[in-house]
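Residue numbers (the UniProt record's numbering), protein chains in the order written: chain D, 1 to 317; chain V, 1 to 394. For glycine and all other residues, C-beta sits at the position ideal for the given N, C-alpha and C. Step one of this worksheet: look at the structure below.
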Amino acid sequence: MLSERGSFMKGMILGGVFCFVLSLLGSFSPITESKTEDHHHHHVKAASKDELQQLSESRLQELNNQIQISCVIMVQPKNLVYWAAALDTWTKHCDKAEFYTSESSKALEAIDLNEKDDWARLRKALKHAYENAGDIRWFFVAQPSTFAIIENLKYLVLTKNPEQPFYLGKTVKSGELEYVEFNGGIVLSYEALKRLVNVFQDEDKCPERQSALWKLSEDKQLAVCLKFTGVFAENGEDVHGKGLFNSRSVDSLISESMDQNPNNVVKGCCSDMAITFSSMSPNQMQVMMFGVYRLRPYGHDFHDILTFYPPKGSDND
Amino acid sequence: MKPLGSRFSFYVGFVVGTVLLYVILRPVWFEGIQLAGNYGKLSDRQQQLDKDKGIWKKERSALFNLDHPHHTGEDSRMADKLYNKVRILCWVMTGPNNLETKARHVKYTWSRHCNIVVFMSSVEDPDFPTVGLGTKEGRDQLYWKTIKAFHYAYEHHANEADWFLKADDDTYVIVDNLRWMLANHTPDEPIYFGRRFKPYTKQGYMSGGAGYVLSREALRRFVEGFKNKVCTHTTSVEDLAMGQCMEKVGVLAGDSRDTTQRETFHPFVPEQHLTAKFPKSFWYWSYCYYPISEGPNCCSDVSVSFHYVDAGGMYLLEYYAYHLRAFGYRYRYQPPTPKAYRLELSNSLDSAGELKEEISGVKEHGDDDLPRPDQGQDAGPPPVVGKDAAAAPV
């Protein structure tokens with residue numbers, strides 16, 4: 001009887017200690033950053049103003065001529081309103097904008113991939129974009145409810161070599177896999193896309209059809225395939241370390257900032273050089289066009305080292 | 001039996017111990033986190049008060065702007081020049097129930113760009129601060145509040161500002177653009193600007209919600225008008241009553257549109273002006289003095305105000321106007337430099353010099369209406385006859 005009580009007490013004390021230790025451990029975040037992989041860069045930032053000013057005029061002119069973005073927009077007839085909005089707003093600023101649809105629509109033109117599976121469709125679109133790249137060395141993949149400021153994307157990759165593999169956007173970690181969220185837009189350099197298109201042929205590493213059981217979303221699948229080719233996701237950030245790619249709408253980010261930084265809402269929210277926002281309604285996209293490309297306070301000028309001109313035949317920018 | 005019993009007791013004890021400690025620890029954690037949070041909040045408020053000291057000088061219920069916002073890397077010489085030459089006192093119509101829900105957001109966004117800001121309420125609040133006008137609250141008090149507010153501004157600040165802006169606590173104002181618009185006028189002109197409406201008056205009147213701005217002379221005449229009983233409290237419809245008084249004392253209703261005839265003061269939020277198709281029966285169509293444009297032509301690049309802006313909308317507009325931009329983008333509309341500042345600016349630019357010339361892209365140019373900087377632009381805003389150098393897009 002006595003030993004039973006004794007055991008009980010010992011057990012209780014041990015249990016208490018166990019719980020306490022667990023609670024302490026729980027408050028520590030896992031320190032294991034992937035040190036084994038050859039991630040040299042997790043974060044990619046634009047060149048600073050100083051760096052840009054050190055470039056020669058001829059080099060700058062060269063960069064200005066070469067920096068071109070090919071936009072790959074994955075649409076579906078069920079998202080027709082967003083498709084139309086993307087067509088009428090931000091995609092006008094791409095050097096090349098190609099719409100790839102799952103099935104044809106009578107209302108709008110696109111390259112009909114005739115493919116219902118999201119991953120297979122993305123593969124086909126990327127392959128097509130690669131084969132028709134021409135001189136363009138940077139690719140931006142998005143859904144139509146994402147709004148992108150292409151000039152800021154150009155600024156981000158301006159001094160980066162597209163013959164190097166770059167896979168940029170808003171990075172998220174899912175277990176061991178770090179991938180770029182589709183919502184925030186995906187940036188691929190020519191080299192990254194080249195490697196990707198090559199690994200498409202490997203049915204073991206990068207199968208076209210996934211089994212229904214283990215189906216990954218297409219952005220995760222993309223990361224898996226790219227990883228096999230030695231290309232890793234990197235987070236696009238501004239000079240302050242703020243993410244440039246957003247997988248949420250600007251209203252929702254402002255709302256969150258009002259809760260979290262009520263005394264510094266705007267600065268605590270989003271980067272001045274933001275590249276993407278997602279889940280924007282067509283009307284909100286028109287407002288963003290106005291806000292980015294037109295509305296400004298008189299007398300405040302930024303003498304940026306490059307000039308990007310507005311597109312022809314457009315009236316909302 | 002015995003060893004089994006004691007092992008079993010051990011396990012039971014272990015479980016009980018774990019559960020017991022968890023139950024004890026959880027509320028302690030929570031309180032701890034909350035306490036830490038509260039400390040955080042307390043120091044937050046203190047930090048804000050300290051920060052406020054750096055931004056504003058509080059004096060006589062007004063906030064005098066000490067440090068109007070700048071960005072690193074921006075060239076704001078022109079904005080600074082205008083800030084010093086075109087001094088604006090902004091007074092914001094608010095009430096005791098709106099201080100935390102509306103006026104606060106005005107305080108932390110656009111009002112920071114005014115030279116002086118005064119929050120007008122029925123009740124005095126020395127902390128916010130607000131002026132107590134001694135009226136009641138409510139729509140029927142709007143003109144009374146307006147009359148008293150302008151009288152207050154005249155009595156206390158007539159010599160500290162050149163222009164006197166009235167705005168609601170749900171109006172967002174881009175004060176730098178207001179300065180651009182006013183830069184070609186002087187405070188001695190009897191004139192006022194806003195979103196011009198046409199009914200009920202000869203020369204029209206300015207929409208109250210979209211905000212309107214009086215020159216110092218206009219304000220003087222307003223106050224004189226009440227002294228001489230030329231103006232009285234005719235109706236509680238504030239903007240109309242204001243317009244009637246202005247007409248009586250000989251103050252001109254100005255044209256606030258930009259050099260391409262686009263409106264700058266807006267009675268609704270950007271989304272509505274840019275995307276909504278108002279039904280033809282809507283009052284707006286018959287009220288606007290100038291022809292209405294829907295879609296992108298509705299609104300000037302140098303828009304001055306929007307109305308019915310909620311709290312989130314204030315920060316969003318601040319973000320769009322003052323923060324978010326497209327790198328290197330060459331705007332289609334180049335607002336001409338106000339006349340009086342052209343010679344001055346070109347002189348100072350020469351002496352300052354630029355580190356590198358802008359590299360002009362070989363890319364296709366946009367519309368033909370991109371004016372060259374040295375091209376002879378017509379005098380800034382706004383010509384009475386619609387003739388200007390920059391071709392207006394269709």
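Beta-carbon gap between residue i and residue j smaller than 8 angstroms
i, j, result
"valine 117 (chain V)", "methionine 314 (chain V)", "no"
"tyrosine 190 (chain D)", "alanine 46 (chain D)", "no"
"glycine 225 (chain V)", "methionine 206 (chain V)", "no"
"valine 199 (chain D)", "phenylalanine 166 (chain D)", "no"
"valine 173 (chain V)", "cysteine 90 (chain V)", "yes"
"methionine 280 (chain D)", "phenylalanine 147 (chain D)", "yes"
"leucine 153 (chain D)", "isoleucine 275 (chain D)", "yes"
C-alpha gap between residue i and residue j, whole angstroms
i, j, result
"proline 296 (chain V)", "leucine 113 (chain D)", "34 angstroms"
"valine 213 (chain V)", "glycine 241 (chain D)", "41 angstroms"
"tyrosine 152 (chain V)", "asparagine 283 (chain D)", "41 angstroms"
"phenylalanine 268 (chain V)", "arginine 196 (chain V)", "14 angstroms"
"lysine 148 (chain V)", "glutamine 203 (chain V)", "24 angstroms"
"serine 69 (chain D)", "isoleucine 149 (chain D)", "Inspection of the sequence shows that residue 69 (chain D) is occupied by isoleucine rather than by serine. Between isoleucine 69 (chain D) and isoleucine 149 (chain D), the C-alpha separation is close to 11 angstroms."
"valine 23 (chain V)", "valine 15 (chain V)", "12 angstroms"
"leucine 177 (chain D)", "arginine 262 (chain V)", "51 angstroms"
"alanine 79 (chain V)", "glycine 299 (chain D)", "4 angstroms"
"proline 310 (chain D)", "phenylalanine 306 (chain V)", "25 angstroms"
"threonine 201 (chain V)", "leucine 244 (chain D)", "51 angstroms"
"histidine 128 (chain D)", "tyrosine 322 (chain V)", "40 angstroms"
"glycine 54 (chain V)", "isoleucine 254 (chain D)", "24 angstroms"
"lysine 267 (chain D)", "histidine 43 (chain D)", "20 angstroms"
"lysine 49 (chain D)", "alanine 192 (chain D)", "27 angstroms"
"arginine 294 (chain D)", "lysine 92 (chain D)", "15 angstroms"
"cysteine 288 (chain V)", "cysteine 299 (chain V)", "14 angstroms"
"lysine 58 (chain V)", "phenylalanine 128 (chain V)", "10 angstroms"
"glutamate 163 (chain D)", "lysine 194 (chain D)", "10 angstroms"
"histidine 68 (chain V)", "glutamate 247 (chain V)", "35 angstroms"
Buried/exposed call for residue i, threshold 16 Cβ in 10 Å
i, result
"arginine 59 (chain D)", "exposed"
"lysine 220 (chain D)", "buried"
"valine 21 (chain D)", "exposed"
"arginine 221 (chain V)", "buried"
"phenylalanine 282 (chain V)", "exposed"
"tryptophan 90 (chain D)", "buried"
"leucine 66 (chain V)", "exposed"
"glutamate 181 (chain D)", "buried"
"glycine 208 (chain V)", "buried"
"glycine 175 (chain D)", "exposed"
"aspartate 204 (chain D)", "exposed"
"leucine 25 (chain D)", "exposed"
"histidine 113 (chain V)", "buried"
"proline 336 (chain V)", "buried"
"serine 76 (chain V)", "buried"
Three-state secondary structure assigned by DSSP to residue i
i, result
"glycine 5 (chain V)", "helix"
"asparagine 65 (chain V)", "strand"
"leucine 24 (chain D)", "helix"
"residue 404 (chain V)", "Absent from the structure is residue 404 (chain V), since the part of chain V shown begins at 1 and ends at 394."
"tyrosine 289 (chain V)", "coil"
"phenylalanine 327 (chain V)", "coil"
"valine 86 (chain V)", "coil"
"leucine 193 (chain D)", "helix"
"residue 382 (chain D)", "It is not possible to answer for residue 382 (chain D), since the shown part of chain D is limited to 1 through 317."
"phenylalanine 231 (chain V)", "Per the sequence shown, residue 231 (chain V) should be read as cysteine rather than phenylalanine. Cysteine 231 (chain V) falls in the coil class under three-state DSSP."
"valine 265 (chain D)", "helix"
"tyrosine 179 (chain D)", "strand"
"glutamate 354 (chain V)", "Any reading at glutamate 354 (chain V) needs caution, since the residue's pLDDT is 43, under 50, leaving its predicted position unreliable; the model's value is listed next. Looking at glutamate 354 (chain V) - three-state DSSP - the assignment turns out to be coil, as it is neither helix nor strand."
"leucine 306 (chain D)", "strand"
"lysine 166 (chain V)", "strand"
"proline 373 (chain V)", "Because the pLDDT of proline 373 (chain V) is 38, which lies under 50, any placement of that residue in the model is unreliable, and the number read from its coordinates should be weighed accordingly. If DSSP states are grouped into helix, strand and coil, proline 373 (chain V) belongs with coil."
"valine 239 (chain D)", "coil"
"phenylalanine 10 (chain V)", "helix"
Neighbour list for residue i in chain A, Cβ cutoff strictly below 7 angstroms
i, result
"arginine 332 (chain V)", "No chain A is present in this structure, whose protein chains are D and V."
*Check each residue of the segment 192-212 of chain V: if its Cβ is closer than 7 angstroms to any Cβ of chain D, include it; give the result in chain order.*
Hits within the stretch: zero.
Output, in sequence order along the chain, the residues in the segment 9-27 of chain D whose CB is closer than 7 angstroms to any CB in chain V. Met9, Lys10, Gly11, Met12, Ile13, Leu14, Gly15, Gly16, Phe18, Cys19, Phe20 and Ser23
**Asked** Of the residues that make up the segment 225-247 of chain D, which ones have a beta carbon closer than 9 angstroms to any beta carbon in chain V?
**Response** none
Proximal residues, the segment 138-151 of chain D versus chain V, C-beta separation under 9 angstroms = Answer in chain order: Ile149, Ile150 and Glu151.
Between the segment 319-331 of chain V and chain D, which residues of the former have a C-beta closer than 9 angstroms to a C-beta of the latter? Tyr319, Tyr320, Ala321, Tyr322, His323, Leu324, Arg325, Ala326, Phe327, Gly328, Tyr329, Arg330 and Tyr331
Query raised in the report: Between the segment 10-28 of chain V and chain D, which residues of the former have a C-beta closer than 8 angstroms to a C-beta of the latter?
Result: Cβ contacts with chain D come from Phe10, Tyr11, Val12, Gly13, Phe14, Val15, Val16, Gly17, Thr18, Val19, Leu20, Leu21, Tyr22 and Leu25.
Please identify, using Cβ separations under 9 angstroms, the residues of the segment 177-190 of chain D that lie next to chain V, in order along the chain.
Flagged: no residues at all.
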